[in-house]
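Worksheet: the structure to be examined is printed underneath.
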Amino acid sequence: MTDTPVIWLAAFVTVVVFSYALKDSYIYRLVQHATLGATVGVTVVVTWKQVLLPRWWAPIWAAAQGTAIDPATSRPDYGGLLWLLALIPGLLWYFQLSKKWFWLSTLITGLFVGTAAGLAFKNQILLIMPQLAASIKPLNPFVRPDPALLYGPAWPEPGTPAAWAAALNNALFLAALLATLFYFFFSVRTDHRFLQAPRRFGRLAIMVCLGAMFGSTVMTRMAYLLDRLMFLSHDWWQEQVLVLLPRVWGGG
Amino acid sequence: MQHPDGLMLTLMLLFGGVILLSLWRARHKLPYVRPIPGIVSIEEAVGRATELGRPVVFAMGEGDIRDIVTHASLSILEYVARLAARLRASFIAMVRKPDVYPFAENIVRDAYRVEGAAEDFRPEEQVRFLSDDAIVYAMSTARLIQEAPAGCALFFGGFFFTSLLMTEPGAQSGVLQIAGDPTLGQIPFFVCTCDYTIIGEEFFAAGAYVSSDPTVRGALVGQDFIKVVLALLVLVGTGALLLAGGAGEGPAYETARGLMKYVTQK
Amino acid sequence: MRFLAHLHRIDRRWLYVATLVLMLVPFVKPLTLPAGHVSRTTRAAFELIDSCPPDKVVIIDSSWDAGSQAENRAQLEAVVAHLCRRKIKFIVTSLGVTPLGPDFARDIIRPQVERAGYEYGRDWVQLGFVQGVAGALGPVIDRFSRDLWGLYPRDIHNTPVEQLPLMQAVRRGADAHALCCFTYAPVYEWISFANAQYGLRLVFGCMTIMCPAYYPYIDSGQLAGMLVGNVGAAEYEALNGTAGRGTRLGVPAAFGNGAVIAAAVLGNIGLWAERRARRAAA
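Protein chains in written order, with the numbering used here: chain A, 245 to 496; chain B, -5 to 260; chain C, 36 to 317.
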């Protein structure tokens, strides 16, 4: 349960931030700057408490004290001290601050960039290849495709309007896929008049996608607003104001 | 698809080979890259800011130095910094990640040096880092654009939920804004609040367009070729499935089935 | 026509006020809307979790904090309510996104498991946060899938996992019946590493804004199900026969979205009228 002063402070900050929708104000800026400072502070504390302390410092300290026990031999385990070695690559990052020793930091940067590129390759292949298979879709409404080659919902009875709709849907999908891919071709001239139509269709497909995303965005923003309204109406108004007011009046 | 090592190796060799071949060809003849409207308009935006006597604000994306997107943003940063230095426009780069900061500073310093304006470069003022926090970064960038006020604002890189926080104040005060983000998540916001938006892969092509480096351009050609291969695989598979009809055997059926089995390793 | 042209120039602050007032109406006077259609993605998620056999567990990766509680909170509440009703055992992790994830998850889960009579260690376990690097979570998720004990030698209370009865059946993440990941935007490495390599079935609970990015993976079978924002939570609650936060937020959300749609339509009519008037004047 959150403490009363915290709820009142959160309610105050929420109302002040909402006020920006009507007008920028000094108090809004004050809250904005306080938030910036608090966020930085919280990040430092949480990183130490949740990451560095339990996962780095605790094993080192336990090994140094001799309290870490190897379950296999029941003897003290000093392996935790190896975590001290993590300081070496970690400290390499700080050479970014030196103009003379900057090159040392590029060692760790290069290592990370290379690792990230390798992981990204594997990630993309594992993501995209099943997508490629799922993009091979049946287009003939008169036959029932082999279920082993079918992704997504079951294929309707051949020849029915539902099968026609499914085939049309798949044809549209294929056209949008190819046109969108074509839109992102950069090393060929696309100003030829025969190439204008697929380019335009590709752009249209992208715009439809962006429109869907924008609709989703509005819903998310609305959810943010609702979350705050819910907080104000329930946690603050009902559980604080309506509880406190009778006490204040009763006491008075 | 349990540990598809064979598929992974084949594709690595195929894609790697295609890229290497494109790089080799690019050394002999610099490949063509079609103009991208958002990038072409950067020159106009910087020129307008110079005429107005207002700063050009360049906001880097939120990825760190390991992110390949950050490297593409840095090449665009170099282009814009050189443009600003050449026109003697005031230029401010905002950096979100501490590990990107020294790279950004070096790039802007070099840009000023190459354009013969090394004495005009003031690192503390022109390359800024405030905090490694998305909201802090967005708020400070928005505040800078609004209060300076900026002549133009450019946003390049991968952005997260704070994209609208950053671009909305500029849009309200009529600042010319151009954004580029290879991920689709924030593009709708940029389309609404910016004058030009560079979407998806255009972002990487932008880096190649502003650069005459054969390596960058060659890689782009290689990527286009890979796209052709993937599109052909889909077309072959779809054609085979169409030809197979309802049959559960035959060469067309086996082609479609074999292709789908191979790519999913199932 | 001149009146219509003014619609394009309504001060945006009036729109804010109108939206706010409309959204506040259901808070003052509780209203209900007729139950709507349950989407394919939510139904698939519900059916997957509902089919969990007694000897299996579900893993919940709760990696959200204040930044995305607006939608992830209702999703987590809905799924935990379902798990508790069906007495399904579960493990809670928070991989790589936010160190505050475990705290936010605990506040939502604890009241529900206490009501359901769950015993910690036997029926549910919380393993805590593991640091990861955004964009490079692959190795963490890979290890999660093949060696959960190695990734999490201790739970959030610092108890060695081998001492927790529930963990005896789950040495690898891939041993779980399914994994539900609740966060702003679940990382693709769940699909490429946990699902593609280890066959772990996945349910994503994401912010509405991110859902278009994940739909292709539903069709290809790489994702088993998805809860889209608060709507997904409300649908899940409808299938589970409960009325939680998702359902409560449904009515004001519908009012707010209705206001936005109305404003978009009126604004476009205004723009059209203004252009027409300008053309007529020219």
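Glycine residues also receive a C-beta, built at the ideal position from the N, C-alpha and C atoms.
Please read these numbers as outputs of a predicted model, since none were measured by experiment.
Using a beta-carbon distance below 8 angstroms, is residue i in contact with chain C?
i                      : result
residue 484 of chain A : no
residue 263 of chain A : no
residue 471 of chain A : yes
residue 391 of chain A : no
residue 299 of chain A : yes
With respect to the beta strand (DSSP E) encompassing residue i, which residues constitute its N-terminal and C-terminal limits?
i                      : result
residue 159 of chain C : 159 to 165
residue 124 of chain C : 124 to 130
residue 26 of chain B  : No beta strand (DSSP E) holds residue 26 of chain B; DSSP gives it neither H nor E.
residue 263 of chain C : 260 to 263
residue 171 of chain B : 170 to 175
residue 339 of chain A : Here residue 339 of chain A belongs to no beta strand (DSSP E), and DSSP marks it neither H nor E.
residue 97 of chain B  : Unbroken run through residue 97 of chain B is the alpha helix (DSSP H), 95 to 108; no beta strand (DSSP E).
residue 50 of chain B  : 50 to 54
residue 240 of chain C : 237 to 241
For chain A, find out if any of its Cβ atoms is closer than 8 angstroms to the Cβ of residue i; answer yes or no.
i                      : result
residue 152 of chain B : no
residue 144 of chain B : no
residue 36 of chain B  : no
residue 25 of chain B  : yes
residue 225 of chain B : yes
residue 302 of chain C : no
residue 139 of chain C : no
residue 113 of chain B : no
Smallest Cα separation from residue i: which of the options?
i                      : options                    : result
residue 461 of chain A : B:131, B:185, B:217        : B:185
residue 279 of chain A : A:487, A:253, A:294        : A:253
residue 280 of chain C : C:140, C:113, C:317, C:188 : C:113
residue 201 of chain C : C:154, C:240, C:251        : C:154
residue 428 of chain A : B:225, B:166, B:150        : B:225
residue 54 of chain B  : B:86, B:46, B:249          : B:86
residue 255 of chain C : A:392, A:435, A:407, A:404 : A:392
residue 287 of chain A : B:121, B:151, B:126        : B:126
residue 280 of chain B : B:216, B:257, B:105, B:161 : Only positions -5 to 260 of chain B appear in this structure, which leaves residue 280 of chain B out of reach.
residue 178 of chain C : C:77, C:102, C:206, C:314  : C:206
residue 251 of chain A : A:477, A:491, A:494        : A:477
residue 466 of chain A : C:86, C:58, C:46           : C:58
residue 166 of chain C : C:158, C:160, C:175, C:159 : C:175
residue 75 of chain C  : C:233, C:259, C:66         : C:259
residue 367 of chain A : B:5, B:249, B:18, B:161    : B:5
residue 37 of chain B  : B:147, B:123, B:92         : B:147
residue 40 of chain B  : B:109, B:202, B:172        : B:172
Just reading off the alpha helix (DSSP H) that residue i is part of, what are its end residues?
i                      : result
residue 424 of chain A : 405 to 427
residue 375 of chain A : 346 to 378
residue 390 of chain A : No alpha helix (DSSP H) contains residue 390 of chain A, which DSSP labels as neither H nor E.
residue 188 of chain B : That residue, residue 188 of chain B, is in no alpha helix (DSSP H); it is neither H nor E in DSSP.
residue 197 of chain B : 196 to 204
residue 139 of chain C : 136 to 151
residue 81 of chain C  : 75 to 85
Would a check of beta-carbon distances place residue i closer than 8 angstroms to chain B?
i                      : result
residue 294 of chain C : no
residue 477 of chain A : no
residue 492 of chain A : no
residue 267 of chain A : no
residue 441 of chain A : no
residue 230 of chain A : Nothing can be reported for residue 230 of chain A: it is not among the residues displayed for chain A, which extend from 245 to 496.
If you measure beta-carbon to beta-carbon, which residues of the segment 276 to 295 of chain A are closer than 8 angstroms to chain B? Cβ contacts with chain B come from 276, 279, 280, 283, 284, 287.
The segment 151 to 184 of chain B: which residues have C-beta closer than 8 angstroms to a C-beta of chain A, in chain order? Answer in chain order: 178, 179, 181, 182, 183.
Contact between the segment 350 to 358 of chain A and the segment 203 to 214 of chain B is defined here as three or more beta-carbon pairs at a separation below 8 angstroms; is this criterion met? Taking 8 angstroms as the limit for Cβ pairs, the verdict is that the segment 203 to 214 of chain B does not touch the segment 350 to 358 of chain A.
Given a limit of 8 angstroms on CB to CB distance, which residues of the segment 224 to 252 of chain C reach chain B? Those residues of the segment 224 to 252 of chain C that come within reach of chain B (Cβ to Cβ, closer than 8 angstroms) are 231, 232, 233, 234, 244, 245, 247, 248.
Within the chosen definition, does the segment 17 to 31 of chain B reach the segment 49 to 68 of chain B through at least 3 CB pairs nearer than 8 angstroms? The count of Cβ pairs closer than 8 angstroms, one atom from the segment 17 to 31 of chain B and one from the segment 49 to 68 of chain B, stays below three, leaving the stretches out of contact.
Scan the segment 355 to 368 of chain A for residues whose Cβ lies nearer than 8 angstroms to a Cβ of chain B and list them as they occur along the chain. Under the 8 angstroms Cβ criterion, the segment 355 to 368 of chain A contributes 356, 357, 359, 360, 361, 364, 365, 366.
Selection of the segment 68 to 81 of chain C by Cβ proximity to chain A, strictly under 8 angstroms: Here the close residues are 75.
Please list the residues of the segment 251 to 278 of chain C that have a C-beta atom closer than 7 angstroms to any C-beta atom in chain A, keeping them in chain order. Listed in sequence order: 251, 254, 255, 256, 257, 264, 265.
Which residues, in chain order, does the segment 67 to 95 of chain B contribute to contact with chain A at a C-beta distance below 9 angstroms? Under the 9 angstroms Cβ criterion, the segment 67 to 95 of chain B contributes 92, 93, 95.
Got a sec: which bits of the segment 42 to 61 of chain C sit with their beta carbon under 9 angstroms from any beta carbon on chain A, in order along the chain? For the segment 42 to 61 of chain C, the set of positions with a beta-carbon nearer than 9 angstroms to some beta-carbon of chain A reads 47, 48, 51, 52, 54, 55, 58, 59 in chain order.
What residues in the segment 318 to 347 of chain A have a beta carbon less than 7 angstroms from any beta carbon of chain B? For the segment 318 to 347 of chain A, the set of positions with a beta-carbon nearer than 7 angstroms to some beta-carbon of chain B reads 337, 340, 346 in chain order.
Pair every Cβ in the segment 185 to 204 of chain C with every Cβ in the segment 326 to 340 of chain A, then say whether three or more of these pairs are closer than 8 angstroms. Contact fails between the segment 185 to 204 of chain C and the segment 326 to 340 of chain A, because fewer than three Cβ pairs, one in each stretch, are under 8 angstroms apart.
Spell out a yes or no on whether the segment 233 to 244 of chain C and the segment 254 to 269 of chain C are touching, meaning 3 or more CB-CB pairs, one atom from each, closer than 8 angstroms. The segment 233 to 244 of chain C, when compared against the segment 254 to 269 of chain C, does touch it at the 8 angstroms Cβ threshold.
Beta carbons nearer than 7 angstroms to chain B: which residues of the segment 399 to 420 of chain A have them? Hits within the stretch, in order: 418.
Selection of the segment 154 to 166 of chain C by Cβ proximity to chain A, strictly under 9 angstroms: Listed by position, the residues of the segment 154 to 166 of chain C near chain A (Cβ gap below 9 angstroms) are 163, 164, 165, 166.
Members of the segment 241 to 257 of chain B near chain A, C-beta cut-off 8 angstroms: Under the 8 angstroms Cβ criterion, the segment 241 to 257 of chain B contributes 242, 247, 250, 251, 253, 254, 257.
Between the segment 203 to 220 of chain C and the segment 89 to 102 of chain C, can you find at least three pairs of beta-carbon atoms closer than 8 angstroms? The answer is yes - the segment 203 to 220 of chain C touches the segment 89 to 102 of chain C, with three or more Cβ pairs under 8 angstroms.
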